[in-house]
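Report on the structure given below.
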Amino acid sequence: METPHLHHEIEALLVKLGAADRPSMRLSTPAAARSRPLPMSTLFGAPPSCRFEDFSVAASDGFEIPVRLYLPEGTPKGLIVYCHGGGWVLGSVAAFHPLTATLAQRTGCAVLSVDYRLAPENPYPAALEDTRAALAWAARDAAGAMGTQPGALVVMGDSAGANLVTIAARMHQRSTPKRQVDLQVLVYPVCDHDFQTGSYREFAAGYLLTRDDMMWFWDQYCPDPARRDDPTLSPLRAPDLSGSPPALILTAGSDPLRDEGEAYGARLAQAGVTVDTVRCDGLVHGFLSMINQATSAACAFDRVVAAIMRAATTD
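Residue numbers are given in the working numbering: position 123 of the sequence shown equals residue 416, and the series is strictly consecutive.
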């Protein structure tokens, strides 16, 4: 029977992934969770051909952060700093290679994909510090690696990666760098730790990401719930969001995180930030992995590409 919330293509993909029968992350260990294939590797398909280089940049504590720099054909129109999703526990640059290579090809921008440290082995704030260091490198030193001065500077992330890039971008802007962020693209972002929102209740299970999954992810990343109100963990709790970069926020209509992403967009707008918050009805969390399988997901990605290309053109 068709689920009224979902596009039929998305419903078929959830059946293919066994979303209804997938064991809860709360019954798993990080090692076991990492042993399962991610939707990105299962659904996306072969990546386009794209030049890339692997190297590392130094974090504030001396850790060498692995990064992958993608270079499109021709002179890059800008530089996108990308952080992958996975609840701060799962994922890698290699796992998200199909998407980041596609992003470089479609936008004509270079893409710096960040292999930030994962929890629970490296809990908060390790991933955030790695993201901040990668963004600082992109703003300061990318010209040498790219062979040209980057145009627009964009940050982009999905899910927990969106949490990292929006916090890092706000902190970066307030450090008054010579090169500020021109656009932040946040796809189904983690913005808070309130598990009682309307979307958390409505989509608690059966829609790929579950409420229990998110509770488990938060426990890995920040085991002490008393700390989670900190705006460097929950950006929706920041008392002042003014000065944040212009934003495109895409939420999925059938996603536990939908309401917090939309509330974050409203808070940015209230702070005077230019923001476009778009609910992608019929889609679920993780739809970036589905852009080659579902027209609805492809249309959402088209919106991302268009926003980045506009930023690159107007920079």
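Idealized CB from N, CA, C, for every residue including glycine.
Option in the options with minimal Cα separation from residue i
i, options, result
"residue 257", "493, 450, 570 and 530", "This structure gives no information on residue 257, because the portion of the chain shown stretches from 294 to 608."
"residue 384", "341, 326, 461 and 300", "326"
"residue 447", "492, 312 and 474", "474"
"residue 563", "539, 545, 582 and 405", "539"
"residue 536", "461, 513 and 348", "461"
"residue 390", "519, 569 and 344", "344"
"residue 469", "429, 591, 583 and 369", "429"
"residue 583", "336, 477 and 328", "336"
"residue 574", "586, 433 and 592", "592"
"residue 423", "392, 353, 388 and 476", "353"
"residue 410", "431, 381 and 370", "381"
"residue 496", "547, 467, 517 and 441", "547"
"residue 334", "598, 443 and 586", "586"
"residue 427", "441, 307 and 358", "358"
C-beta atoms of residue i and residue j nearer than 8 Å
i, j, result
"residue 545", "residue 578", "yes"
"residue 425", "residue 464", "yes"
"residue 560", "residue 534", "yes"
"residue 451", "residue 500", "no"
"residue 572", "residue 551", "yes"
"residue 374", "residue 458", "yes"
"residue 435", "residue 396", "no"
"residue 581", "residue 310", "no"
"residue 576", "residue 301", "no"
"residue 432", "residue 472", "yes"
"residue 553", "residue 487", "yes"
"residue 341", "residue 394", "yes"
Cβ-Cβ separation, residue j to residue i (assumed contact under 8 Å), whole Å
i, j, result
"residue 378", "residue 453", "5 Å"
"residue 502", "residue 549", "6 Å"
"residue 445", "residue 513", "Incorrect: roughly 34 Å between the Cβ atoms, too far for contact."
"residue 598", "residue 329", "With 8 Å as the limit, residue 598 and residue 329 do not qualify as a contact, their Cβ atoms being about 29 Å apart."
Straight-line Cα distance separating residue j from residue i
i, j, result
"residue 294", "residue 305", "Note on residue 294: pLDDT 33, under 50, position unreliable in the model; the coordinate value appears next. Cα to Cα, residue 294 sits roughly 11 Å from residue 305."
"residue 619", "residue 510", "Any property of residue 619 remains undetermined from this structure, which presents the chain solely from 294 to 608."
"residue 350", "residue 439", "15 Å"
"residue 323", "residue 607", "43 Å"
"residue 543", "residue 600", "12 Å"
"residue 332", "residue 508", "20 Å"
"residue 347", "residue 338", "22 Å"
"residue 414", "residue 477", "28 Å"
"residue 558", "residue 595", "20 Å"
"residue 370", "residue 443", "7 Å"
"residue 602", "residue 437", "23 Å"
"residue 504", "residue 376", "22 Å"
"residue 589", "residue 312", "19 Å"
"residue 441", "residue 401", "14 Å"
"residue 355", "residue 567", "35 Å"
"residue 298", "residue 321", "28 Å"
"residue 368", "residue 569", "28 Å"
"residue 456", "residue 515", "13 Å"
"residue 565", "residue 483", "21 Å"
"residue 518", "residue 308", "34 Å"
"residue 303", "residue 360", "31 Å"
Near the ligand SAH: residue i beta-carbon under 7 Å from a heavy atom
i, result
"residue 535", "Only the bare structure without any ligand can be found here, which leaves the ligand SAH out of the picture."
Check whether the region 514 to 527 and the region 404 to 420 are in contact - that is, three or more C-beta pairs closer than 8 Å. With the cut-off at 8 Å, the region 514 to 527 and the region 404 to 420 touch.
Decide if the region 316 to 326 is in contact with the region 392 to 408; the criterion is three or more beta carbon pairs, one per stretch, under 8 Å apart. no
So does the region 491 to 501 actually touch the region 357 to 365, counting three or more Cβ pairs closer than 8 Å? Under the 8 Å Cβ criterion, the region 491 to 501 does not count as touching the region 357 to 365, having fewer than three qualifying pairs.
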